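Below: the structure, in structure tokens.
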Amino acid sequence: MRRILKRSFLGLCGLVGAVIAAAPVAPVATAENACSEGALVSSIRLEGLEHTNARVVERELLNGAGKPYSSQDFEKEKLRLQDLDLFTEISASCEQASGEATSQTLVYRFKEIFRWIPAPAGKKTDRDGLMIGLALANLNVAGEDIRAEVQYRTSTDPFLDNNEYAFYASSPYMFGIPLGWNFEFLRTDSYDDIRNVDDDSWLVDLDLDYAVLKHFSILLTGAFRYLNFDGGRKLPEYGFGFDIDYRDRELDTRKGIYYEYMLTHVGSGEENYWEILNDARAYYPLGRFVTGATALFRYRPGDVERYDYYYHGGANTFRGHESDSLHLGVHEALLTLEERFVLMERHAASVWGINFFYGIQLVAGLDGSLLWDKGTPGWDDYEGAVYGGLHLVIPALDRIRFEVGYSPDKGEPVYYFGLFDKTTSARWRSR
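For the sequence shown, this note's numbering gives the first residue as 16, with consecutive numbering after it.
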């Protein structure tokens with residue numbers, strides 16, 4: 016989860032146009048028949064790594080020199096390599112070692128994704144709507160799978176009224192150990208018309224994710240916010256938790272479960288509360304169909320000010336109505352049951368020398384929303400909706416979502432455009 020940048024980045028117009036215009040290339044390759052199952056791998060060779068250091072690939076491999084070759088392990092390591100979001104194509108073949116009938120050289124071939132992105136930047140939130148601006152991003156700093164980006168964004172409606180200045184950096188490793196980190200600096204100058212407050216604020220945030228075991232990680236977070244109103248408010252945050260991750264892949268998950276627990280303390284003085292977070296997800300495939308069930312629950316004992324209330328409505332929370340000041344609460348639960356049909360599997364493509372990939376999925380599902388302030392929620396706090404749409408799977412953003420939702424309480428369809436999987440954008444939607 017934390018290997019994905021919290022915010023959207025990339026020139027959306029240019030990228031979407033390139034995806035639509037690109038002619039499909041052969042799908043991501045699998046191990047060729049030249050590799051003999053169970054035969055000893057005498058050595059490994061990596062080809063096509065122009066900007067990526069070899070150790071970034073090697074730490075994800077399951078096959079290796081001195082081991083018998085396993086096509087099953089290759090399929091697993093290919094998913095791990097795709098999760099790095101650095102390559103559009105990954106394939107493997109074998110060359111028989113000279114004079115050795117039972118040993119072979121395993122050759123991995125890669126086609127790297129675009130690295131530098133000087134382009135328009137886009138962000139879509141339920142609060143500010145579509146924001147556009149300029150960005151400079153590097154998806155693979157120093158070849159170490161470090162993503163860094165600076166950007167400026169402004170609202171389109173009303174134009175230039177809401178402004179953001181940001182720097183993001185993240186990586187799944189730190190100094191060669193599996194310590195994922197995500198750093199964010201954000202300056203915001205806008206009016207929050209959902210909570211009816213001026214958002215004149217500064218934010219510095221660092222999240223750490225240490226893989227203690229293969230499927231178990233310890234999570235730490237620390238942040239500081241400065242809100243420039245009522246004489247200025249300083250809001251420190253710190254938290255800890257863990258996650259259990261049995262997903263087959265982090266991006267575009269098809270099978271497995273994920274559970275995360277976080278306990279975070281926020282603020283001091285007038286605003287002072289704890290946040291208890293539970294994030295559960297389960298996926299199961301059947302042919303081209305993928306069934307997913309997700310639940311996000313956040314409970315906040317303590318004193319929570321209105322500028323930090325949760326809202327529901329929009330592509331990132333509840334796809335039954337737009338967000339507004341009538342749908343606010345201290346505590347929240349978001350429930351989703353979704354069916355995805357893989358219309359087109361991931362394809363590699365190249366336009367003007369820029370390598371990328373794309374896939375297309377049809378989706379339909381049910382959204383459930385609970386927002387409440389005190390005590391336990393009741394049926395009066397619950398809303399339900401159905402939705403459907405089309406998802407475009409692409410690098411870095413994971414997916415672009417075009418959806419339409421309908422709630423019986425609202426009585427009319429609502430059309431949405433969103434970035435990232437909803438499970439990601441729901442977590443980081445407040446900014």
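We treat Cβ as the ideally placed atom computed from N, Cα and C, and that holds for glycine. All values reported here derive from a predicted model rather than from experimental measurement.
Partner residues in the beta bridge of Arg124, as assigned by DSSP, are Glu62, Ser106.
The closest CA to that of Ala181, considering only Asp220, Asn211, Thr171, is found on Asp220.
By a beta-carbon distance limit of 8 Å, Phe125 contacts Phe102. Their separation comes to about 5 Å.
With respect to the 9 Å criterion, Trp387 and Val345 are classified as neighbours on the basis of their beta carbons. Taking a contact to require three or more Cβ pairs closer than 8 Å, the region 261 to 268 and the region 279 to 289 do not qualify as touching. Non-local C-beta neighbours of Ser85 in its own chain, meaning closer than 8 Å and more than five positions away in sequence, comprise Glu52, Gly53, Leu77, Asn78, ordered along the chain.
No Cβ-Cβ contact shorter than 9 Å links Tyr397 with Leu381. Taking C-alpha positions only, Ile375 is separated from Gly433 by approximately 15 Å. The C-alpha of Leu343 lies about 8 Å from the C-alpha of Arg210.
Cα atoms of Ala107 and Val122: separation of roughly 5 Å, rounded to the nearest angstrom. A contact between stretches requires three or more CB pairs, one per stretch, nearer than 8 Å, and the region 58 to 73 meets this requirement with the region 154 to 169. Residue range 69 to 73 is occupied by the alpha helix (DSSP H) that includes Val72, with no beta strand (DSSP E) assigned at that position.
For a cut-off of 8 Å, the C-beta gap from Ser338 to His327 is around 7 Å, short enough to register as a contact. The three-state secondary structure of Ala310, taken from DSSP, is strand. In this structure, DSSP gives Lys249 an extended state, which the three-state scheme calls strand.
Residue environment: Pro316 is assigned as exposed (fewer than 16 neighbouring CB atoms within 10 Å of its CB, all protein chains considered). Per the coordinates, the alpha-carbon of Ser57 lies some 28 Å from the alpha-carbon of Tyr188.
By the Cβ criterion, the region 223 to 234 is not in contact with the region 198 to 209, since fewer than three pairs of Cβ atoms, one from each stretch, lie closer than 8 Å. Here Val156 carries a helix assignment [DSSP, helix/strand/coil]. Arg296 sits in a strand when the DSSP states are folded into three classes.
In this structure, Ala297 keeps its C-beta atom at 9 Å or more from the C-beta atom of Glu275.
In the three-state scheme derived from DSSP, where H, G and I count as helix and E and B as strand, Ser86 is classed as helix. Per DSSP, reduced to three states, the secondary structure at Asp424 is coil, with no helix or strand assignment. In the structure shown, Leu99 falls within a coil segment according to DSSP collapsed to helix, strand and coil. Ranked by Cα distance from Ile161, the options Asp222, Ser118, Tyr183 are led by Tyr183.
In the three-state scheme derived from DSSP, where H, G and I count as helix and E and B as strand, Tyr322 is classed as helix. Shortest Cα-Cα distance from Glu159 to any of Val366, Glu353, Ser186 involves Ser186. Straight across, the Cα-Cα distance linking Thr351 with Ala308 is about 6 Å. Here Glu337 carries a coil assignment [DSSP, helix/strand/coil]. Collapsing the DSSP output to three states places Ser440 in a helix. Beta-bridge partners of Glu418 (DSSP): Gly404, Tyr431. In this structure, the CA atom of Tyr430 is about 9 Å from the CA atom of Tyr421. In this structure, the straight-line span from the alpha carbon of Phe304 to that of Phe244 is close to 50 Å.
Between Gly383 and Gly399, the beta carbon gap of about 5 Å places them in contact (Cβ cut-off 8 Å).
In its chain, beyond the 5 residues on either side, Phe231, Ser232, Ile233, Leu234, Glu275, Tyr276 have a beta carbon closer than 8 Å to the beta carbon of Phe257.
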